[in-house]
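For reference, each letter of the sequence shown is one residue, going 270 to 523 in my numbering. Glycine is no exception: its CB is placed at the ideal position from the N, C-alpha and C atoms. See structure below.
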Amino acid sequence: GSDAVALETRAHRDGSHFVLDGRKRWIGNGSIADVLLVWARGEDGEVGGYLVEAGTPGMSVARMTGKTALRAVWQTEIELEGVRVPAEARLEHCHSFRDVARVLARTRYTVAWRALGLALGAYEAALAYALEREQFGRPIAAYQLVQDKLSKMLADITGMQLLNLRLSQLVQDDRLTAGMASMAKMTCAAKARGIVADARDILGGNGILLENHVARHHADMEAIFTFEGTDSIQSLIVGREITGIQAIAPSRSG
């Protein structure tokens, strides 16, 4: 999310166990998982990760309904009330939110790839349609305005591919930073959103039919544009990395 550091789930030590209390929302596929990783703030104020098995007493999981996008992912709401987990269920190498941020950087990087996939799918659907659909006796792909849209869509997709490829190399070399991941998520989500919108425009009225998939890409892209941190939050993470100045939260001095 945009303000993950403000998580309110708490964990406290009780003998050989940790006790978890709190609430989580928008947990992907949480209702079908055998084991959940729960981030919680400990008594020392630092964030840790705790492995909780499905069916553990005190944990309730409810599937969220009514989504219009990313319906293949079952989002859930999780309640934790006095959930006891053995001490060894705490992640050994997670000592603070700094370690959690490394996980978030990897997930934001994968969202950039998801945005690219939607953009490419929408572009290919729009190109195929433009070559087949005829207006005024010619395929609409023969008209300048349509060709202009298609060429700019492909240019943006190529740029996204190169950006994500470079980030993949950085991941492999263990040199990916939070700012780099946020830059990729911010850039690819914004460009993909525009590409999907242009694809729907090229398809005209048929762009809202599910059989053409572009409408589904359009809905999914709205979700991707928001989750794992909004566009504005990503830009501030990038800004913090290049300037060394924190602009996300106001100063608490005084």
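- Of the residues assessed, Phe405 falls on the exposed side of the cut-off, its CB having fewer than 16 other CB atoms within 10 angstroms.
- Under the 10 Å beta carbon count, Asn298 is surrounded by fewer than 16 other beta carbons and is classified as exposed.
- Its Cα nearest to that of Val369, the residue Gly318 stands out among Gln441, Thr345, Gly318, Met455.
- Note that the C-beta distance between Ala338 and Glu497 is not below 8 Å.
- Between Leu289 and Val316, the C-beta gap is not smaller than 8 Å, which leaves the two residues out of contact.
- Contact between Met429 and Leu385 holds: CB atoms are separated by about 5 Å, below the 8 Å threshold.
- Nearest to Leu349 by alpha-carbon distance, out of Val330, His362, Thr334, is Val330.
- In the structure shown, the three-state DSSP call for Lys293 is strand.
- For His487, the secondary structure class from DSSP, reduced to helix, strand or coil, is helix.
- In the DSSP annotation of this structure, the continuous segment of the beta strand (DSSP E) that includes Arg282 starts and ends at 279-283.
- Within the same chain, Cβ atoms closer than 6 Å to the Cβ of Gly311 are found at Ala280, Gly317, the five residues on either side in sequence being excluded.
- In the DSSP assignment, Ala424 falls within the unbroken alpha helix (DSSP H) covering 413-441.
- DSSP lists Trp308 as the beta-bridge partner residues of Gly318.
- In the structure shown, the three-state DSSP call for Ile409 is helix.
- In this structure the segment 459-470 touches the segment 415-423; the number of beta carbon pairs closer than 8 Å is three or more.
- Taking one beta carbon from each stretch, the segment 375-383 and the segment 450-458 have 3 or more pairs nearer than 8 Å; the two touch.
- Inter-residue distance for Ala356 and Thr456 is about 41 Å (C-alpha atoms, whole angstroms).
- When DSSP states are grouped into helix, strand and coil, Thr345 belongs to the strand group.
- For Ser451, the enclosing alpha helix (DSSP H) covers residues 447-471.
- An exposed status is given to Gln413, since fewer than 16 other beta-carbon atoms sit within 10 Å of its beta-carbon.
- Sequence-distant partners of Val342 (beyond 5 residues in either direction) whose C-beta falls short of 7 Å from its own C-beta, in its chain, are Gly297, Asn298.
- Out of Arg383, Glu480, Leu400, Asn481, the CA that lies nearest to the CA of Asn433 is found in Arg383.
- Boundaries of the alpha helix (DSSP H) around Ser501: 500-512.
- Where Arg371 is concerned, the enclosing alpha helix (DSSP H) starts and stops at 366-401.
- At a Cβ-Cβ threshold of 8 Å, Met328 and Gln344 do not count as neighbours.
- Under DSSP, Met328 takes part in a beta bridge, and its partners are Leu349.
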